[in-house]
Structure formats: C-alpha cells, structure tokens
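Residue numbers (the working numbering): 120 to 416.
Heads up, the beta-carbon is just placed ideally off N, CA and C, and yes, glycines get one too.
Below: the structure, in structure tokens.
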Ligand code: ADP
Ligand code: MG
C-alpha cells in the first residue's frame, strides 16, 4: 500500500530546486521571495468527489470547501490570501446549474476574503474534481512555520473538533484567517498548522518538524456535537488552527480572551522535550498515542 507520508517525502527529496526558495515542500504553504519586507505564499489543494465530498453534495458547498481548504493553509502560515486559479474536471453529463452552484460557492467565499479568481483550466473527467492554487502574502516578521514549537509551549486550538465529515462543517467552515492575523500580530505563535487530517496527525507534523513531543489533556479538547476525543484526534476535516505559544504569551492570551470574548482559543496541552504524543485521560492515567492522522492511502 502507498504511504502518503513516504510518497511526499520521496517527491521532496528529488524535487527540482532553486536557491531562493525559503520554505519548499513540507509546510502548509510554500514560502517564496517577495520584495524586502514580505513573503509570497503558494498552496494548492485538490478536491475530489468521493474523497472530499459525497456524490450529491450541494454544488455551492463543494466550491466553498475547495477554496476554503486553500485559504486555511494560508491562514496556517499567518498570511493573507490574494489570488487564485481554479481548475475543474467535470463528467460530460454535468449540468450548467451544478457549475453555477460550484462557482457561486467559490466566489462568495473569495469575495469575503478579498481573493480574486484570475484563471484556471477546464477538462472532462470521469468524476468531479476541483484543483485550486492560491497565492497569499505575509510580512516577513509574521511568518509562522510548523517547525518552531519549543518545550514548555502551550498548545491551543481555535475551535471544536471531530465528526466534521458527518455534518456539514466540512462544507461550510470559515477559514481562520482573522484569528491567525490576530495571533501573529499580537502573540506570535512559535508553530502553527491547520487541522485537516485530525489533531493527532497534524500535531504530529509540528512535533516531528520541531523535534519535540507533546502532552494533551483529554478533558480540555473541545469536541463538536456528538464527537468524543477519539473523533477529535483522528477524524480530520475540521480546518481549525493548532498553534503553540510560550507560557508567558499563553497566559496573556488567556487573560485577553477573558476580557474580550471576541474569539475563544482552547488550551489543550503542552509541548514536551521528551518525544511522542501523550494523552492525559479524563478519568486519570495517561497513554501514548499513535501520531498518525488520516491518510489517503
Ligand atoms: P495540507 O494538508 O496542509 O494541504 P498536505 O499534507 O497536503 O498539506 O501536504 C504536505 C506538504 O507536502 C505540503 O508542503 C505540500 O505542498 C506537499 N505535497 C503534497 N503532495 C505533493 C506532491 N504531489 N508534490 C509535491 N509536494 C506535495
Ligand atoms: Mg494544511
């Protein structure tokens, strides 16, 4: 069986390279040169029938998700999305109405986030597939990567997790750009990622790239209605942000949110020097978790 991780790692090791690339394969977006004070961000996500949406899902929801996944990756770096190209593969029997619905989902979200759709490609395909590539920008000093987590950092998430695929959340979620902008400007997280493959797997990427471990408190993990901590850890498709803050900033964030109530950031654990991911169980005791998240193969 193919391992998604090994596959991408193999591609990464042989990938064509230019010395001016700041961050290539391995983070939520690529980070590229863009003048003296900013970086250009570039990301792409493919959204396919039967994988990212069920056959029969609302066209506008599919369009929304296809773009929102990309915007979420820009948010995970702390950036602002800007320009998108949208490519679609459609079965011959596709209706005009479906395509209009798809683009109404894309354009409504694009307008909300000041993203311009500036091109794309159209092909015939046996299944519906949408690929969006999205540019973004960020001030150099605001950039947050997966690899900056430090022992002692507190771990936070921006919202509840689990069972997103079973509800409409995965087709309707709001990418956390506003929260990410607030965080990078006021608190500067040490590491950040968006949770697309489940808390365990995506935290795993931060741990691996930062060469640290973590401890999560089961009781503090916010869960969507009907979801338990196992759903939060392994389901995926939530597109909340996961970030780490040094203890002083973590405490400052908690006291900020006590007063402001504009957003709520949930503290769910801490980064440890010892490797591995440990869960402190709600009923007492702890167990070591498999870091693996949802994979496609
Ligand atoms: P995300 O869930 O944040 O979109 P992925 O898990 O899809 O991230 O990808 C992780 C990293 O691997 C990203 O940097 C992405 O650009 C890269 N990647 C994924 N698939 C490929 C591929 N086929 N070729 C090159 N890079 C890839
Ligand atoms: Mg991501």
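Pull up the distance between the alpha-carbon of residue i and that of residue j, whole angstroms please.
i           : j           : result
residue 254 : residue 238 : 12 angstroms
residue 234 : residue 203 : 7 angstroms
residue 266 : residue 210 : 41 angstroms
residue 390 : residue 322 : 10 angstroms
residue 133 : residue 142 : 15 angstroms
residue 156 : residue 139 : 15 angstroms
residue 341 : residue 350 : 11 angstroms
residue 147 : residue 313 : 8 angstroms
residue 207 : residue 192 : 20 angstroms
residue 250 : residue 403 : 45 angstroms
residue 409 : residue 281 : 17 angstroms
Going by the C-beta, is residue i closer than 8 angstroms to any heavy atom of ligand 1?
i           : result
residue 146 : yes
residue 249 : no
residue 261 : no
residue 188 : yes
residue 122 : no
Can we count residue i as close to ligand 2, meaning its CB is less than 8 angstroms from some heavy atom?
i           : result
residue 244 : no
residue 274 : no
Could you name the residues of the same chain whose beta carbon sits closer than 8 angstroms to that of residue i, not counting the 5 residues immediately before and after it, in chain order?
i           : result
residue 304 : 261
residue 424 : In the structure as shown, the chain begins at 120 and stops at 416. Residue 424 is therefore absent and cannot be evaluated.
residue 406 : 397, 398 and 400
Output needed for residue i: all residues of its chain with C-beta closer than 7 angstroms, excluding positions within five of it in sequence on either side, in chain order.
i           : result
residue 244 : 208, 209 and 210
residue 336 : 387, 388 and 399
I'd like the list of long-range same chain contacts for residue i, defined as Cβ closer than 6 angstroms, with 5 residues on each side in sequence excluded.
i           : result
residue 167 : 248
residue 284 : 356
residue 179 : 220, 223 and 224
Touch test, the segment 299-310 against the segment 352-372, Cβ-Cβ under 8 angstroms, three pairs minimum: yes
Runs of 3 residues minimum, wholly inside the segment 146-230: which ones carry the beta strand (DSSP E) assignment? 149-153, 157-167 and 199-209
Touching or not, the segment 218-227 and the segment 272-283, by the rule of three or more beta carbon pairs under 8 angstroms? no
Continuous beta strand (DSSP E) assignments of at least 3 residues falling wholly in the segment 267-342: 273-276, 310-313 and 332-336
Segment contact, 8 angstroms Cβ cut-off, at least three pairs: the segment 156-164 with the segment 192-201: yes
Contact between the segment 285-303 and the segment 326-340 is defined here as three or more beta-carbon pairs at a separation below 8 angstroms; is this criterion met? no
Only counting runs of 4 or more residues, tell me where the alpha helix (DSSP H) segments fall wholly within the segment 355-381, in order along the chain. Taking 4 residues as the minimum length, the alpha helix (DSSP H) runs contained wholly in the segment 355-381 are 366-379, in order along the chain.
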